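J.:
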Amino acid sequence: SKVDMDDPADIWTIDGSLNTLSDRPGMDSQNTNSYGIKITKDFSNFIVQSLTSATKTDVIFSYDADWGNADSHFPYIYDYFSETLRKRDTFSQEIRFLSKNTEFSFENPYEWIFGFEFSDLDESNLTKDDGIYGDPNDPYSPYVSESEILRDYQAENFSIFGNIEYFLNQDYKIAFGLRWENWDSKYKDSNNESFSPSNNMNGGKISLVKNNKNSNTFFSIARGYKQGGFNLGIDATDNSIKQSLIYDPEFLTNYEIGISSNTENSGFNYSVVLFISKREDQQVLISRQVDPSDPNTFSYLTENAAEGENYGLEVSSKFFINDQLSLFANLGFLKTKIKNWESRPDLQNRSQAHAPEHTYSIGTNIDLKNNFYFKLDLNGKSEFFYSDSHNNKSKNYQLLNLTFGRSKGRFTSELWMRNVFDKYYSTRGFYFGNEAPDFIDTLYRRQGDPKNIGLSLRYDF
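Here our numbering is used: the first residue of the sequence shown is 6, the next is one more, and so on.
1. For Asp11, which residues in the same chain have their Cβ closer than 6 Å to its Cβ, ignoring the five residues on either side in sequence?
2. Which word fits Pro350, buried or exposed, when buried means at least 16 other C-beta atoms lie within 10 angstroms of its C-beta?
3. Using only CA atoms, which one of Thr37, Trp17 and Gly21 lies nearest to Asp28?
4. Compare the Cα-Cα distances from Asp63 to each of Asn74, His359, Lys46 and Lys92 and report the closest residue.
5. Tell me whether the beta-carbon of Ala311 lies closer than 9 Å to the beta-carbon of Gln288.
6. In terms of residue numbering, what span does the alpha helix (DSSP H) encompassing Ser298 cover?
7. If the criterion is Cβ atoms closer than 9 Å, does the pair Leu332 and Lys323 meet it?
8. Cα separation between Ser77 and Asp140?
9. In angstroms with no decimal places, state the Cα-to-Cα distance between Gly233 and Ser104.
10. Just to confirm before moving on: does the CB-CB distance between Pro361 and Asn396 stay below 9 Å?
11. Could I get the ranges of all uninterrupted beta strand (DSSP E) runs contained in the stretch 266-352, with 3 residues as the minimum, in chain order?
12. Whole angstroms is fine: what's the gap from Leu26's alpha carbon to Ala14's?
13. Compare the C-alpha of Tyr464 against each of Thr417, Arg423 and Glu440 and name the closest.
14. Once DSSP output is grouped into helix, strand and coil, what is the label at Asn375?
15. With a threshold of 8 Å, establish whether the CB of Ile326 neighbours any heavy atom of the ligand ZN.
16. Would you kindly report the start and end of the unbroken alpha helix (DSSP H) that includes Asp76?
17. Which residues in the same chain have their Cβ closer than 6 Å to the Cβ of Phe435, if we skip the five residues on either side of it in sequence?
18. Alpha carbons only, please: which of Ser412, Pro80 and Ser6 is nearest the one belonging to Asn375?
19. Going by DSSP, what residues sit across from Asn259 in a beta bridge?
20. By Cβ distance below 7 Å, which residues in the same chain neighbour Glu116 in space, the five residues on each side in sequence not counted?
21. Assess, as a yes-or-no matter, whether the stretch 200-211 is touched by the stretch 136-151 under the definition of 3 or more beta carbon pairs within less than 8 Å.
22. I'd like to know whether the C-beta atoms of Trp188 and Ala160 end up nearer to each other than 9 Å.
23. Can the beta-carbon of Lys210 be found closer than 9 Å to that of Asn168?
24. Taking the alpha carbon of Glu355 as the reference point, which residue from Tyr378, Tyr391 and Leu56 has its own alpha carbon closest?
25. Check the C-beta distance from Tyr68 over to Gly31 and give it rounded, since I have them as a contact under 8 Å.
26. In chain order, what residues of the same chain have a beta carbon less than 7 Å from the beta carbon of Glu99, not counting five sequence neighbours either side?
27. What does DSSP give as the partner residue(s) for Arg423 in the beta ladder?
28. Starting from the C-beta of Ser97, find all residues in its chain whose C-beta is less than 6 Å away, skip the five residues before and the five after it, and write them out in chain order.
29. For Asn315, tell me which candidate among Ser366, Glu285 and Thr132 has the shortest Cα-Cα distance.
30. At a cut of 8 Å, does the stretch 212-220 reach the stretch 170-182 through at least three beta carbon pairs?
31. Helix, strand or coil, according to DSSP, for Ser195 in the structure here?
32. Let me confirm a value: Asp299 is counted as buried when at least 16 other C-beta atoms fall within 10 Å, else exposed. Which label applies?
33. What distance in whole Å lies between the Cβ atoms of Gln357 and Thr341, which are believed to be in contact at a cut-off of 8 Å?
34. Buried or exposed: where does Asp94 fall if 16 or more other Cβ atoms within 10 Å of its Cβ makes it buried?
35. Please report how far the alpha carbon of Tyr430 lies from the alpha carbon of Gly453, in whole angstroms.
36. Is the beta carbon of Thr37 sitting closer than 9 Å to the one on Lys7?
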């Protein structure tokens with residue numbers, strides 16, 4: 006497959022509106038070629054699968070760092086730009102061994118899979134920043150800055166995994182899975198910085214399912230992980246942040262109990278899940294700016310907080326009024342907390358970033374004549390914290406979307422409208438100084454998409 010995109014990167018505004026003032030608009034372009042092959046071999050008692058994939062990617066990412074132009078910054082000279090050229094090659098090989106059980110049931114109670122996976126990543130990128138700052142009250146200005154850094158990064162992952170499911174009796178099924186993974190990496194750059202962090206991680210899941218006449222009830226305990234890493238774009242010679250260069254893996258233990266309907270012909274289908282999650286060495290994203298007058302020095306760091314916790318409830322339902330009309334409602338309730346973060350005690354016991362307490366989606370699907378259909382959905386979110394670096398919040402919002410389409414055979418066409426009432430709503434919030442001459446820390450909001458109308462065509466081969 007091939008991906009070829011050229012998307013102008015001009016999305017930041019000083020006043021939080023949708024009208025940009027950039028005089029040096031950037032680019033977010035990507036050219037990717039992907040290759041994959043799957044080979045399956047049947048044996049008498051099991052199946053072997055080989056999955057091989059590779060990608061080659063070239064990316065250009067650039068942006069106007071000051072978000073303005075000569076007129077908007079007058080009488081100050083404030084003009085900064087950043088460009089990153091990235092090359093990224095990946096390769097992965099996975100071997101799976103699967104049980105050959107065509108009728109998984111109490112009479113044939115075992116179903117299993119195990120295997121191993123290897124992946125390799127090679128990435129190089131060149132970042133070039135330039136800028137000029139001038140103050141009419143400073144006789145020594147303007148000040149010109151130029152920097153260039155070349156980075157090389159390699160990473161290898163090797164994992165072993167397995168899962169087995171077993172019917173205890175006609176009503177109960179148990180599943181047990183494990184995964185172990187090793188990650189090794191190497192990094193070096195033209196500033197003569199180099200390091201090679203590595204992680205060993207493991208996770209697993211055990212679940213019990215009870216099959217009832219019209220529903221399934223389940224309970225599960227799972228341990229997942231997110232590998233560690235390092236923070237690029239950070240000056241490793243700065244001793245105040247040198248300890249933040251490398252961060253550890255995060256581990257999450259999740260407890261779930263739920264119930265769902267299992268009858269296709271019922272007029273009402275539903276799913277209810279209650280969960281509690283404990284996060285160990287929680288990875289949090291914080292922002293930092295080395296030079297207040299140079300927006301190219303604004304960067305993000307990932308750090309480890311000691312703990313975090315989440316708990317919530319997810320409900321999904323669908324009502325079939327008749328063969329042509331159905332209604333759906335999906336609700337989410339979430340509470341989160343950052344705990345024991347020694348470097349930021351002011352944020353302890355606060356909710357995590359981008360974790361709204363309430364989310365919902367309600368709507369209807371109508372099947373019309375001659376393979377036409379209509380869909381209406383209303384999506385909403387409550388307020389949430391923009392970042393783990395500051396305490397600014399978004400506002401709650403609701404968006405209405407409409408879709409009118411036709412599906413016949415392998416061809417599907419849709420005319421759609423998103424954000425029908427053209428509501429302003431923010432998806433990100435950044436807190437730093439980007440306005441001369443005082444560069445006072447200010448909340449800058451990134452707005453979501455306005456009302457937009459489009460046509461989608463799809464043909465399935």
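Idealized CB from N, CA, C, for every residue including glycine.
Just so we're clear, the structure is a prediction, and the values are computed from it rather than from any experiment.
T.: This is what the structure holds:
1. Ser34
2. exposed
3. Trp17
4. Lys92
5. no
6. No alpha helix (DSSP H) contains Ser298, which DSSP labels as neither H nor E.
7. yes
8. 14 Å
9. 34 Å
10. no
11. 273-285, 288-294, 303-309, 312-325 and 330-344
12. 13 Å
13. Thr417
14. helix
15. Of ligands this structure carries none, so the ligand ZN is not represented either.
16. Ala75 to His78
17. Tyr449
18. Ser412
19. Ala227 and Ser282
20. Ser104, Asn106, Phe109 and Glu170
21. no
22. yes
23. yes
24. According to the sequence displayed, residue 355 carries Arg and not Glu. Answer by Cα proximity: Tyr391.
25. 4 Å
26. Leu56, Gly120 and Glu122
27. Asn457
28. Ser58 and Ser124
29. Glu285
30. yes
31. coil
32. buried
33. 4 Å
34. exposed
35. 6 Å
36. yes
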